[in-house]
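Engineer: Structure provided below as structure tokens; questions to follow.
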């Protein structure tokens, strides 16, 4: 899981490094082409690349999941292109807390006062990072928060999928949908010429994206979810290191405190759910 998180961060850092040279949707389209080819090749090897791999009862859920993934990718990369690297990653870690909130509010799941307190502490951490009303606040932070909402919708849809549908086919379908959107938007804009180094970086980003998907799916299928999930927070360590080394970004003190609060609240929620189970 830690390798998967590192791969996702490297992919995002490559995308951010190209933000000044390549338009957002053009970058999504080109990276998506490489990623779809890689995921499609693995799906063909495993015999799950056919449309028949999608169970009939999962069709609309899979479409909803793909739409949510498109929204999450667009919002998060828009935020990433316009705000400090570690800040965007830290806000994204509020997703498990948001899912706990949604589960209690809309799915009638029982949440005790301890987990409600953890959710409150986590969202306080988000406010410390976003800091509305200050000079550090801009619309990019709202894009990051919107990405959390879309990720929650994606995860809820994923939870509704039946076991008959292979995870790899869903991943392939999602990659193809994101690539198609990138291509459609790019077709309405003027194409920005890209250097071989730019294409190479996008191909490299697709490889790391592929590794992230593959390792996370493999881990979730083998490991106990309540044990594996907390290791997702290792993404913050990767983000802080890459933000400092690659982009020369040192987070402000409120960001450090906010990230610590989000991580602590998320870990407590996981361990509390495990104890109750």
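Residue numbers (my numbering): 43 to 319. Where a beta carbon is used, it is the ideal one built from N, C-alpha and C, also for glycine.
The alpha helix (DSSP H) that contains residue 124, what's its start and end?
Structural biologist: Segment 101-124, the alpha helix (DSSP H) holding residue 124.
Engineer: Tell me, to the nearest whole angstrom, how far the beta carbon of residue 127 is from that of residue 285; I am working on the premise that it is less than 8 angstroms.
Structural biologist: With 8 angstroms as the limit, residue 127 and residue 285 qualify as a contact, their Cβ atoms being about 4 angstroms apart.
Engineer: Excluding the 5 residues preceding and the 5 following residue 50 in the sequence, name in chain order all residues of the same chain whose CB lies nearer than 6 angstroms to its CB.
Structural biologist: Result list for residue 50: 254, in chain order.
Engineer: Taking DSSP as the reference, what is the three-state secondary structure of residue 233?
Structural biologist: Coil.
Engineer: Can you tell me which of 53, 86, 47, 73 puts its alpha carbon nearest to the alpha carbon of residue 208?
Structural biologist: Nearest option by C-alpha distance: 86.
Engineer: For residue 206, count neighbouring C-beta atoms within 10 Å of its own C-beta (all shown protein chains included) and say buried if the count is 16 or more, exposed if not.
Structural biologist: Flag for residue 206 reads exposed.
Engineer: Under three-state DSSP, which class holds residue 288?
Structural biologist: Reduced to three states, the DSSP call for residue 288 is coil.
Engineer: Over what stretch of residues does the alpha helix (DSSP H) that includes residue 55 continue unbroken?
Structural biologist: Residues 44-59.
Engineer: Within its chain, find whatever has a CB closer than 7 angstroms to the CB of residue 54; leave out the 5 residues flanking it on each side and keep chain order.
Structural biologist: Closer than 7 angstroms at the Cβ level, and outside the excluded window around residue 54, lie 122.
Engineer: Please check the pair residue 187 and residue 133, which I expect to be a contact at CB under 8 angstroms, by giving their CB distance rounded to whole angstroms.
Structural biologist: Going by Cβ atoms, the distance from residue 187 to residue 133 rounds to 6 angstroms, so yes, they are a contact pair.
Engineer: Can you look up residue 388 in the DSSP assignment and give me helix, strand or coil?
Structural biologist: Because the chain spans 43 through 319 in this model, residue 388 falls outside it and cannot be assessed.
Engineer: Among the residues of its own chain, which have a CB less than 6 angstroms from the CB of residue 160, if the five just before and after it don't count?
Structural biologist: Same-chain partners within the cutoff: 307, 310, 311.
Engineer: According to DSSP, simplified to helix, strand and coil, what is residue 180?
Structural biologist: Residue state, collapsed to three classes: coil.
Engineer: Looking only at its chain, what residues have a beta carbon closer than 7 angstroms to the beta carbon of residue 69, apart from the 5 residues adjacent to it on each side?
Structural biologist: Same-chain partners within the cutoff: 57, 60, 244.
Engineer: Does the Cβ of residue 83 have 16 or more other Cβ atoms within 10 Å, making it buried, or fewer, making it exposed?
Structural biologist: Result: exposed.
Engineer: With residue 68 as the anchor, note down where its alpha helix (DSSP H) starts and where it stops.
Structural biologist: Element bounds for residue 68: 66-87.
Engineer: Can you list, in chain order, the residues of its chain with a C-beta nearer than 7 angstroms to that of residue 96? Leave out the 5 residues immediately preceding and following it.
Structural biologist: Excluding positions up to five away in sequence, the list reads 104, 207, 211.
Engineer: Would you mind working out which of 270, 106, 274 sits nearest residue 316, comparing C-alpha positions?
Structural biologist: Checked all of 270, 106, 274; the closest Cα to residue 316 is 270.
Engineer: Give me, in chain order, the residues of the same chain whose beta-carbon lies closer than 6 angstroms to that of residue 170; leave out the 5 immediate sequence neighbours on both sides.
Structural biologist: Cβ within range, chain order: 296, 299, 300.
Engineer: Alpha carbon to alpha carbon, how far is residue 81 from residue 291?
Structural biologist: Near 33 angstroms, if we compare the C-alpha coordinates of residue 291 and residue 81.
Engineer: Would residue 282 and residue 293 be called neighbours here (beta carbons separated by less than 8 angstroms)?
Structural biologist: Yes. Within cutoff.
Engineer: Excluding five sequence neighbours on each side, which residues of the same chain lie with their C-beta closer than 8 angstroms to the C-beta of residue 261?
Structural biologist: So the qualifying residues of the chain are 43, 46, 270.
Engineer: Whose CA, out of 257, 52, 71, 48, lies closest to the CA of residue 221?
Structural biologist: The shortest C-alpha separation from residue 221 is found at 71.
Engineer: Quick check on residue 188: does DSSP put it in helix, strand or coil?
Structural biologist: In the structure shown, residue 188 sits in a helix (DSSP, three-state: H, G or I).
Engineer: Please say whether residue 185 and residue 120 have beta carbons closer to each other than 8 angstroms?
Structural biologist: Contact: yes.
Engineer: Using only alpha-carbon positions, find the residue among 183, 91, 152, 131 that is nearest to residue 319.
Structural biologist: Closest option to residue 319, Cα to Cα, is 152.
Engineer: Near residue 246, what residues of its chain come up, given a Cβ to Cβ distance below 8 angstroms and the 5 sequence neighbours on each side ignored?
Structural biologist: Excluding residues within five positions, the ones whose Cβ falls inside 8 angstroms are 56.
Engineer: On the criterion of 16 or more Cβ atoms from any shown chain inside 10 Å, does residue 226 qualify as buried, or is it exposed?
Structural biologist: It is exposed - the Cβ of residue 226 has fewer than 16 other Cβ atoms within 10 Å.
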